[in-house]
Amino acid sequence: TASRRSVEKTTACLPFVYGSVEFYRGKKADDLQTQQWTIYVRGPNNEDLSLVISKVIFQLHPSFAQPIRELTAPPFEVTERGWGEFEAQIRIIWKDPFEKATVVCYRTKRMQPVGQFVSVCLQTVSLTHLTLSTIVRVQ
Numbered sequence: 374t375a376s377r378r379s380v381e382k383t384t385a386c387l388p389f390v391y392g393s394v395e396f397y398r399g400k401k402a403d404d405l406q407t408q409q410w411t412i413y414v415r416g417p418n419n420e421d422l423s424l425v426i427s428k429v430i431f432q433l434h435p436s437f438a439q440p441i442r443e444l445t446a447p448p449f450e451v452t453e454r455g456w457g458e459f460e461a462q463i464r465i466i467w468k469d470p471f472e473k474a475t476v477v478c479y480r481t482k483r484m485q486p487v488g489q490f491v492s493v494c495l496q497t498v499s500l501t502h503l504t505l506s507t508i509v510r511v512q
């Protein structure tokens, strides 16, 4: 059917956000788990990106148990506890095998002993192999 065909000579720009929400756990927290954070990939308005994303691979600091987390369904996020900052790699694998994976590096922030910290990065990726039905559903 026409809705399953690729849209020739068309590039769709798909915005997504990645970032983290981090909380200081208080003075009673273990010295090695003073922060709780969630690192994520989402649609800018919480759109369902599972229509175009096959999986998201989070590569955390090697000191974490299971430093590589592979998620194949939303929510595409990892929540952990720790004590410091580190750089995480986020690899987005698209459902269309012709689309190249998108890789971003993200640095978590260490909280000072107060409240919460939210960090959000907006990025747009150009996808050239989407089908017409996928483009309509993601909008």
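Under the working numbering, the first residue of the sequence shown carries the number 374, and numbering increases by one thereafter.
Even glycine gets a Cβ: it sits at the ideal position worked out from N, Cα and C.
Could you say which of the options lies nearest to residue i if we only look at CA atoms?
i, options, result
"V451", "N419, T407, L422, I430", "I430"
"L424", "A446, P440, N418, D403", "A446"
"F437", "F459, F449, Y479, L444", "F459"
"V477", "F471, L422, I412", "I412"
"V390", "A402, K468, N419, W467", "N419"
"L444", "D403, S393, V414", "V414"
"Y479", "I426, D403, G392, E472", "G392"
"T475", "P448, K428, Q439", "K428"
"L422", "P448, A402, I463, V394", "P448"
"K468", "Q439, I426, T481", "I426"
"C386", "D403, G416, V394", "G416"
Taking DSSP as the reference, what is the three-state secondary structure of residue i?
i, result
"L422", "helix"
"T445", "coil"
"F396", "strand"
"P435", "coil"
"G455", "strand"
"E450", "strand"
"A385", "strand"
"K428", "strand"
Should residue i go down as buried or exposed, given a rule of 16 or more other Cβ atoms within 10 Å for buried?
i, result
"I465", "buried"
"A461", "buried"
"I441", "exposed"
"F471", "exposed"
"T384", "exposed"
"T507", "Residue confidence for T507 is low, a pLDDT of 45 falling below 50, so the modelled location carries little weight and cannot support an answer."
From the DSSP output, which residues share a beta bridge with residue i?
i, result
"E460", "R480"
"T411", "V394, T452"
Notebook entry, point to check: Are the region 441-458 and the region 399-414 touching by the rule of at least three beta carbon pairs closer than 8 Å?
Noted result: yes
Check: So, do the region 431-438 and the region 386-398 have three or more beta carbon pairs nearer to each other than 8 Å?
Finding: no
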